[in-house]
Every structure is written in C-alpha cells, then in structure tokens.
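What follows is a single structure, written as structure tokens, with notes after it.
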Amino acid sequence: MIATATRVELSKVFSKWRTYIGFIALGVVIPIVIISLGIEGMKFFSFATQNLQQQFIFSGNLMNGYTTSYLIIGMLYVHVPFLVTLVAGDILAGEATGGTYRLLLTRPLSRATLVNAKYIAVLVSTNLLIVFMAVLSLGLGLLILGSGDMVVVRTKISVITESDILWRFMLATALAWWR
Numbered sequence: 001m002i003a004t005a006t007r008v009e010l011s012k013v014f015s016k017w018r019t020y021i022g023f024i025a026l027g028v029v030i031p032i033v034i035i036s037l038g039i040e041g042m043k044f045f046s047f048a049t050q051n052l053q054q055q056f057i058f059s060g061n062l063m064n065g066y067t068t069s070y071l072i073i074g075m076l077y078v079h080v081p082f083l084v085t086l087v088a089g090d091i092l093a094g095e096a097t098g099g100t101y102r103l104l105l106t107r108p109l110s111r112a113t114l115v116n117a118k119y120i121a122v123l124v125s126t127n128l129l130i131v132f133m134a135v136l137s138l139g140l141g142l143l144i145l146g147s148g149d150m151v152v153v154r155t156k157i158s159v160i161t162e163s164d165i166l167w168r169f170m171l172a173t174a175l176a177w178w179r
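Take a look at the structure:
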C-alpha cells in the first residue's frame, strides 16, 4: 500500500515544475562558479596563502576540479535547504491549494500512509538534488579544470593527495545523502 502511494506521490512531485527549479538553479550556478574559479581562482588561492608564500613554494594544478568541488559544496550548502523547501512545501501545500485533501482522505488509505508516502517522495527528491550537485560539481570541475591534489584553506592549510580525495568525496556525499 505504501509503495503504491509513494509511486503516486513521486509522479506528482516530478510532474510539477517547482521540483526542477533546484536542478536548474544548480545547473546554472555551478558551471558559472567553476569557470569563475578557473579564471580567478589562483588570485583567491594567492590571497589565502599570502603569509606562507615566503616559506613555501606552491606548484602544480592547485585550482583543480577537486578544489572547486570542495569550494562549491561549501558555498551552496546554505542554499540547498531553500531548494528542498520548494518541493517539501509544495507537496503538502499543493494539496491544500488544489483542494484535493478531501478527495485523498476518502480513499482507503490511512493518513499515516499518506504522510509517509509524501515524506519518502521528498526524501527521494532531496537525495537526487544532492547527488546531482555532487556529480555536476565534481564532473564539470574535473572536465574543465583537470585533477590534482586538493588544497583546503581554513584555519590551517591541508593538502589531500589526489589518490585520497575520491573516496572522501563519495563518503561526504553519502553522509549528506543519508542526513
């Protein structure tokens, strides 16, 4: 019963244009940020490491796909909840606006099953948005800027080798997906 209700809710979610606003927004913003970081990224990196440039020599492809993916995900994690709210709010408010709650509640479906099906549909949509963001930022970043070691500039500077990045990135995406 819940599988059928979830399938119906998923078809409702993915038939509305609001669902795709998040995908379109990320599909526009991420390439712009990657291209901008490709053009001006070394200036940002030079500014962040200006105190260390007298003691260390930085060489190699430091502004690469891995570094830009890290920066993009760090910049956009604040905006993703707003994109998710478009779908989550519409899945309940859309029924009220359309006046279909009474019709839904006359079906032989419990309210708990209905709410759980809507919740699962929002989870699927959210997880697809997170995976889309991760694949697009990493894929375009590697395609446009290439690969190399990832330099993380925070309170200290960490360098993560190229062989160690992909599994960390997949683990971070899985944790964001699970959460």
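Residue numbering for the sequence shown follows my numbering, starting at 1 and increasing by one per position.
Beta carbons are placed, not taken as given, at the ideal position from N, Cα and C, and that holds for glycine.
Rounded C-beta distance between Val13 and Val87? I'm assuming under 8 Å. In the sequence shown, the residue the question calls residue 13 occupies position 13. In the sequence shown, the residue the question calls residue 87 occupies position 87. With a beta-carbon spacing of about 6 Å, Val13 and Val87 fall inside the 8 Å limit used to define contacts.
Report the start-end ranges of each alpha helix (DSSP H) in the segment 107-145 that is 4 residues or longer and not cut off at the edges. The segment 107-145 contains these whole alpha helix (DSSP H) runs: 111-145.
Where the alpha helix (DSSP H) through Met75 begins and ends: Residue mapping note: residue 75 aligns to position 75 of the sequence shown, counting from 1. Taken as a continuous stretch (DSSP letters only), the alpha helix (DSSP H) holding Met75 covers 65-76.
Own chain residues within Cβ distance below 8 Å of Leu109, not counting five before or after: Against the sequence shown, residue 109 aligns to sequence position 109. Excluding positions up to five away in sequence, the list reads Met1, Ala5.
Would you decide whether Lys118 is buried or exposed? Buried here means 16 or more other CB atoms lie within 10 Å of its CB. In the sequence shown, the residue the question calls residue 118 occupies position 118. The residue in question, Lys118, is buried, as its Cβ has 16 or more Cβ neighbours within 10 Å.
Can you tell me whether Glu40 is buried or exposed? The criterion is at least 16 other CB atoms within 10 Å of its CB, across all chains shown. Translated into positions along the sequence shown, residue 40 becomes position 40. Exposed, since its Cβ has fewer than 16 Cβ neighbours within 10 Å.
Where does Ser147 sit, in a helix, a strand or coil, going by DSSP? In the sequence shown, residue 147 corresponds to position 147, counting from 1. In the structure shown, Ser147 sits in coil (DSSP, three-state: anything other than H, G, I, E or B).
Is the number of C-beta pairs between the segment 29-36 and the segment 89-100 that are closer than 8 Å three or more? Segments in contact, no.
Take the Cβ of Met42 as the centre, count every other Cβ of all protein chains shown within 10 Å, and call the residue buried at 16 or more, exposed below. Taking the first residue of the sequence shown as position 1, residue 42 is located at position 42. Met42 should be labelled exposed.
Cβ-based burial, Ile72 [other Cβ within 10 Å; buried from 16]: Within the sequence shown, numbered from 1, the residue matching residue 72 stands at position 72. By the Cβ-count criterion, Ile72 is buried, with 16 or more other Cβ atoms from all chains shown falling within 10 Å of its own Cβ.
Three or more C-beta pairs below 8 Å linking the segment 118-129 and the segment 144-152: Verdict: no, contact absent.
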